[in-house]
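Down below is the structure, laid out as structure tokens.
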Amino acid sequence: MNLKLFNTLTRKKEIFNPIRKKHVGWYACGPTVYWYQHIGNLRTYVFNDLLKRVLLYDGFKVKHVMNYTDVGHLTSDADEGEDKIEVAAKREKKSAKEIANYYAKVFEKDLKKLNILFPDIIAKATEHIKEQIELVKILEKKGYTYQTSDGIYFDTSKLKDYGKLGRIKKEGLKAGKRVSIGEKKNKTDFALWKFSEKPGVRQQEWNSKWGIGYPGWHIECSAMSSKYLGKQFDIHTGGEDHIQVHHTNEIAQSEAAFGKKPWVRYWLHGAFLTSKGEKISKSKGGLYTISELEEKGFDALDFRYFCLNTHYRKPLNFSLDRLKGAKNSYERLKNIILDLKSKKDSNKTKDYEKYKKEFLKSINDDLNIPRALSVLWNVLRDKKLGSKEKLKLVYDFDIVLGLGLKDIKAEKVPSEIKKLVEEREKARKEKNWTKADKIRNEIKKKGYIIEDSDSGYIIKKA
Ligand code: AMP
Ligand code: ZN
């Protein structure tokens, strides 16, 4: 069965055909490691993870490269403002390296908690300065650059198809009266190399043939992806906010330097996690980190389950109430699976294969995970299928869903509670409902709840 992916470049769902059969070269834009990644950022990495798991499930060999931006990302996505890492270093009175290492570690812990598979290569911008300078030199040689008093810029008017990814209209982009663009020739031109205002003040700066400075934000992704994946590769991902500027500029400089068109064949973008209809951004507030959610009694995987219920290209509105709803469904799911694990019955009906096909069809239809999840629930609701077969399907589907369903274990219940539960069962058998309810309340007071189902009961912590 063919895998279809929505390509931002063509705005169409396309059959995925990699350059090398069954091999995938993929570059994922990673975090700027100057602060905690919030759950909005993390939604993008859950989407990345689903893509990776689907590719692996389909039998592709994946080379997944991700970057850490530890220099050059300015407080405004244009070429103005201060370097985010330098700002954080001043704020926390630490070195830029300490800042980047600390937030990268927290991010990695969050990935682990979210069952996100790690990239095969993590590339740091500061460890690839030489490659970035080399790339700027190539662009300079080919006539795409010019110098201003604050850096080396890419002249976007030199490319006929600049802005194709974001469908940016060219009119009005020239330097004119209405918009002040400093010394830039065109509004869309961007910095490849920025000069240090006063050498010796910044923590991170390097020597180059143009002067002491640091790389622009976009050049790192072109330089590092080509180092690890070659001059043309299959997939590039990021959040949808990257379409207009960051990815547009990556395409411009890479196609200009390498001469391959398209530089990347499939561009995939994840929609935003929003809060009350607004973007959850670090500057706007209203955002949580995974540890903040944990303090509120949630588990990272509750958030993963929450994300899985909405297609990656649809905005997802976040609220603690909605997360609570997801947590309840996820717990119900885990309890049903625990119950299945305790059973031995087997019956492979003809629907077994049908479920497998439906699941595969859903994930291969541009990662339709919400539909794949509903197939999982249909399996669990099936009255004829045996417990063994159900579990087999669940474990297979979870290779993609990543909800840790194989590893869940029943909680250890204290013997005092077990005894009460047995007494309640006895009362129920004797149809003494008043007594049964009374015991149930007593159990609740002791911090446990009993959930009855067709197949028996489950004891959980309240
Ligand atoms: P940053 O650390 O700011 O470079 O962002 C890391 C990733 O998170 C990028 O791919 C962004 O596109 C993505 N991102 C930022 N905010 C959100 C959000 N609210 N929802 C989903 N993705 C986001
Ligand atoms: Zn990038």
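If you're matching positions, the sequence shown starts at 0 in numbering that gives the first Met the number 0 and goes up one per residue.
Glycine included, every Cβ here is placed at the ideal spot set by N, Cα and C.
Where residue 190 is concerned, there is no enclosing alpha helix (DSSP H), although the beta strand (DSSP E) around it starts and stops at 189-194.
Pairing residue 286 with residue 69, the inter-Cα distance amounts to about 22 Å. DSSP places residue 64 inside the beta strand (DSSP E), whose first and last residues are 60-67. Taking 6 Å as the cut-off, one finds at least one heavy atom of ligand 1 near enough to the beta carbon of residue 240. Short note on residue 317: C-beta not closer than 6 Å to any heavy atom of ligand 1.
Check the Cα spacing between residue 137 and each of 459, 256, 357: the tightest is with 256. Minimum Cα-Cα distance from residue 317 among the listed residues 78, 74, 270 corresponds to 270.
Remark: the shortest separation between the CB of residue 28 and any heavy atom of ligand 2 falls under 6 Å. Your pair residue 234 and residue 267 checks out as a contact, with CB atoms roughly 6 Å apart and the cut at 8 Å. Counting C-beta pairs with one atom in each stretch, the segment 291-311 and the segment 351-361 have fewer than three that are closer than 8 Å, which means they do not touch.
By the Cβ-count criterion, residue 117 is exposed, with fewer than 16 other Cβ atoms from all chains shown falling within 10 Å of its own Cβ.
In the structure shown, the three-state DSSP call for residue 151 is strand. Taking C-beta separations shorter than 8 Å and ignoring five residues to either side along the sequence, the partners of residue 124 in its chain run 66, 67, 68, 69, 70, 71, 131, 214, 219, 223, following chain order.
According to the DSSP assignment, residue 227 belongs to the alpha helix (DSSP H) that extends over 216-228. Check the Cα spacing between residue 3 and each of 25, 57, 31: the tightest is with 57. Contact annotation, residue 115 with residue 48: C-beta distance approximately 4 Å; criterion of less than 8 Å satisfied. Here residue 450 is bridged, per DSSP, to 457. When distances are taken from the beta-carbon of residue 272 to the heavy atoms of ligand 1, the shortest one is below 6 Å.
The C-alpha of residue 38 is placed about 19 Å away from the C-alpha of residue 83. Beta-bridge partners of residue 24 (DSSP): 62.
Going by C-alpha positions, residue 415 is about 15 Å away from residue 424. In the three-state reduction of the DSSP assignment, residue 429 falls in the coil class. Considering only 133, 347, 242, the residue with the shortest C-alpha distance to residue 9 is 242. By a beta-carbon distance limit of 8 Å, residue 390 does not contact residue 397. Their separation comes to about 10 Å. Per DSSP, the continuous alpha helix (DSSP H) segment holding residue 299 begins and ends at 299-307. Ranked by Cα distance from residue 92, the first of 371, 392, 209, 33 is 33. Residue pairing for residue 120: DSSP places it in a beta bridge opposite 64. The alpha-carbon separation between residue 185 and residue 370 amounts to approximately 45 Å. Taking non-hydrogen atoms of ligand 2 into account, the C-beta of residue 306 is found less than 6 Å away from none of them. The C-alpha of residue 393 lies about 30 Å from the C-alpha of residue 446.
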